[in-house]
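**Student:**
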Amino acid sequence: MDDNKTAIKIAILMREETALRCTGKGCLNAFFAKKEGFEIYADREVELCGFFNSGGELDYKLSKMKEAGVQVIHVSTCMRGKYPGYAELVNKISKDFDVIGYSHGPAEGKTTQTVNVTGKYL
Ligand code: SF4
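Residue numbers (the numbering used here): 33 to 154.
1. In terms of residue numbering, what span does the beta strand (DSSP E) encompassing G82 cover?
2. Taking the C-alpha atoms as reference points, what is the distance between T115 and G133?
3. Let me confirm a value: L121 is counted as buried when at least 16 other C-beta atoms fall within 10 Å, else exposed. Which label applies?
4. Using three-state DSSP, classify A122 as helix, strand or coil.
5. For my contact list, L52 and F84 are in at a C-beta cut-off of 8 Å; report their separation, rounded to the angstrom.
6. Around the Cβ of T143, are there at least 16 other Cβ atoms within 10 angstroms (buried) or fewer (exposed)?
7. Can you find a heavy atom of the ligand SF4 that lies under 7 Å from the Cβ of M97?
8. What did DSSP end up calling A65 once you bin it into helix, strand or coil?
9. Out of curiosity, what's the CA-to-CA distance linking K41 and F129?
10. What residue does the alpha helix (DSSP H) around A51 start on, and which one ends it?
11. Could you tell me which residues DSSP pairs with D130 in its beta bridges?
And the structure:
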């Protein structure tokens with residue numbers, strides 16, 4: 033568990049194809065309101081360090097997030113809904129970060145069960 037007085041560093045990973053048309057409004061609204069996927073930060077400071085998509089050099093992007101001290105990755109709701117290998121990706125990322133498997137909207141997906149892996153910082 034982390035010290036509640038120190039801001040926890042997080043990032044949001046969105047789906048590449050969705051990034052072509054999404055402005056990020058749903059994720060950002062939930063983040064700034066500390067609701068839905070971000071309500072776990074209700075009583076603590078939180079710093080958004082990255083908002084990046086699943087395309088291109090994803091491993092490199094994740095390594096940059098690690099370098100930046102990011103502790104929690106939110107694998108966004110559009111990833112949960114449409115990214116093939118969502119659960120495998122969450123498990124892979126969880127070797128270096130705590131992972132919350134959605135960002136905004138219902139805690140459980142319509143067709144895909146949310147995968148969260150916590151315990152390092154949350
Ligand atoms: S979860 Fe919603 S707001 Fe966030 S990137 Fe995906 S579609 Fe956009």
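No residue lacks a Cβ here, since even glycine has one placed at the ideal position from N, Cα and C.
**Tutor:** Reading it off the structure:
1. Within the sequence shown, the letter at position 50 stands for residue 82. Start and end: V78 to N85.
2. On the sequence shown, residue 115 is found 83 positions in, with the first residue counted as 1. On the sequence shown, residue 133 is found 101 positions in, with the first residue counted as 1. Position check: residue 115 holds Tyr in this sequence, whereas Thr was assumed. The straight-line gap from Cα to Cα measures roughly 12 Å.
3. Taking the first residue of the sequence shown as position 1, residue 121 is located at position 89. When all chains shown are included, L121 counts as buried.
4. Taking the first residue of the sequence shown as 1, we reach residue 122 at position 90. Per the sequence presented here, residue 122 reads as Val, with Ala not at that position. Three-state DSSP puts V122 in a helix.
5. Position 20 of the sequence shown, counted from the first residue, corresponds to residue 52. Position 52 of the sequence shown, counted from the first residue, corresponds to residue 84. Not really, about 14 Å apart at Cβ, beyond 8 Å.
6. Looking up residue 143 in the sequence shown gives position 111. Taking every protein chain shown into account, the CB of T143 has fewer than 16 other CB atoms within 10 angstroms, so this residue is exposed.
7. Position 65 of the sequence shown holds residue 97. Not under cutoff, so the answer is no.
8. Position 33 of the sequence shown, counted from the start, is the residue given in the question as residue 65. Reduced to three states, the DSSP call for A65 is helix.
9. Indexing the sequence shown from 1 puts residue 41 at position 9. Indexing the sequence shown from 1 puts residue 129 at position 97. For K41 and F129, the distance between alpha carbons rounds to 10 Å.
10. Numbered from 1 along the sequence shown, position 19 holds the residue referred to as residue 51. From DSSP, the alpha helix (DSSP H) with A51 extends over E48 to A51.
11. For this step, residue 130 is matched to residue 98 along the sequence shown. Note: D130 sits in a beta bridge opposite V104.
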